[in-house]
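Below: the structure, in structure tokens.
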Amino acid sequence: MSQSYDYIIIGAGAAGLSLAYGLSQHPQLSKKRVLLIDKAHKIRNDRTWCFWTTEAPPFHEVIYRRWQQLAFHSMHGSRQFSIAPFFYYMIRGIDFYRYCFEHLAPSIDFCVGEVSEATPAGEVTLHDGKQFRAQWVFDSRYLLPQKPAELPYPFLLQHFKGYVLHAPHDIFDPHTATLMDFRIPQGGESRFMYILPFSPKEALVEFTIFGKKLLPSSTYDHELKAYIEQHYGVLESLEIKEKEFGVIPMAAQGFRRPEGALIPIGTAAGCAKGSSGYAFIFIQKHCRQIVEALAHNQRPPAYRPAWRFRHYDRIFLNVLYHERMAGAELFSKLFLKLPPQKILRFLIEESSLFDELSVIYNLRSVAFVQAALHEVLS
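Numbers 66 to 443, taken from the working numbering, label the letters of the sequence shown in order.
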């Protein structure tokens, strides 16, 4: 016999825990019976989330570091710039997990298990046979497509591996985060290094790729080692305190839509922005919309970015997928020429029409005209 709840949340990652926390903090919803399901206890520092805003940041209690100066490097040039009034924020996974679980309402149950089925009727079954049902089921599970090359739209993977390094002496500039450093072999893809310095002695150094397939595990380590030794000294002289690996879909369509009582959230709903992979700030927006709808006894909304931003993402992905322009050149046209605040507003979909026209003007090229025509005709 199934056990009943008001809401079931599948997945205790950024989306699942943000929603559970939002329900816990809302006076009209904090006593609702909620089941949160994840296949593991959240006790590992297995990821980081970054975002930027000019407002008070969400989950400000667990902000690990923030920067107001960023750097960009490519073979086309280098630039270091202030992003004021924005701050670029970082949250560690383990801090986020602990904080959310500590602040969940008593009416929220946590279950460790793997979901085998979730239906539009609000029924959830685990692999061990346990069954639950709820008025609404929020599902954050996302499976990468088995044959992405056969999809009728551009689909790329943002995949990355990073080391948290500790040095015996000062080697990092703690005031400047490196958003992209393309000065590495590109391998026919868009490849860059991403550096978040925590102190003069410690930083996250991450190798990131926008491509069509994952790399052999040894390739990530080889590229990280080469870059670290070129810029910071022999890797063996540094302590690798932590490692992280991740894969984020880069697409502007093909995500699940709500079906009956089953509501996708997080990456499954399309909250990872197609042109950048950043998701945290969009997840927060969607979770707030869901909480407000539930508080007014309304149907939880699907995640729906403005049409024009989805269209921009489709054109951007078309350019990269069909190799009409290298990623290093594309991002150089933006970060080496435009005020960074315009780019940042554009990437979090808070830009004005003037901002968007500036971005479009700087990216004007045969490559983008071809991509735009291809998207319109398809």
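Backbone N, C-alpha and C fix where the C-beta goes; we use that ideal spot for every residue, glycine too.
With the cut-off set at 7 Å, would you say residue i and residue j are in Cβ contact?
i	j	result
Y154	P122	yes
A183	D204	yes
A333	Y218	no
W201	F345	no
T273	Y259	yes
A291	P323	no
V177	L230	no
A360	L191	no
For the putative contact between residue i and residue j, defined by C-beta atoms under 8 Å, what is the C-beta separation to the nearest angstrom?
i	j	result
R379	A317	4 Å
F175	S67	The pair is not a contact, with the Cβ atoms about 18 Å apart (cut-off 8 Å).
I249	G298	So it is not a contact: roughly 17 Å between Cβ atoms.
W117	F151	5 Å
G339	R112	Their Cβ separation, rounded to whole angstroms, is 20 Å, which puts G339 and R112 out of contact at 8 Å.
D420	K407	5 Å
Alpha helix (DSSP H) containing residue i: first to last residue?
i	result
S83	A79 to Q90
A136	That residue, A136, is in no alpha helix (DSSP H); its beta strand (DSSP E) goes Q134 to S139.
Q318	Counting along the chain, Q318 falls outside any alpha helix (DSSP H), and DSSP gives it neither H nor E.
If I follow the unbroken beta strand (DSSP E) through residue i, where does it start and stop?
i	result
C176	I173 to V177
T284	Here T284 belongs to no beta strand (DSSP E); instead the alpha helix (DSSP H) covers S282 to H296.
F146	G142 to S147
H224	L221 to H231
L244	T241 to D246
Any idea what DSSP makes of residue i, helix, strand or coil?
i	result
Y72	strand
A432	helix
F151	coil
T184	coil
C165	helix
A391	coil
I328	strand
K398	helix
C115	strand
A105	coil
E94	The question names Glu, yet the displayed sequence has Leu at residue 94. In the structure shown, L94 sits in coil (DSSP, three-state: anything other than H, G, I, E or B).
F124	coil
Can we say the stretch 121-137 touches the stretch 73-81, given the rule of at least three CB pairs closer than 8 Å?
Because the criterion of three Cβ pairs below 8 Å is not met, the stretch 121-137 and the stretch 73-81 do not touch.
Is the stretch 379-399 in contact with the stretch 93-113, if contact means three or more CB pairs nearer than 8 Å?
no
Checklist entry - Touching or not, the stretch 240-247 and the stretch 327-343, by the rule of three or more beta carbon pairs under 8 Å? => result No: fewer than three Cβ pairs fall under 8 Å.
query = Below 8 Å, can you find three or more Cβ-Cβ pairs linking the stretch 347-359 to the stretch 217-231?
reply = no
- prompt: Touching or not, the stretch 274-281 and the stretch 299-308, by the rule of three or more beta carbon pairs under 8 Å?
  reply: no
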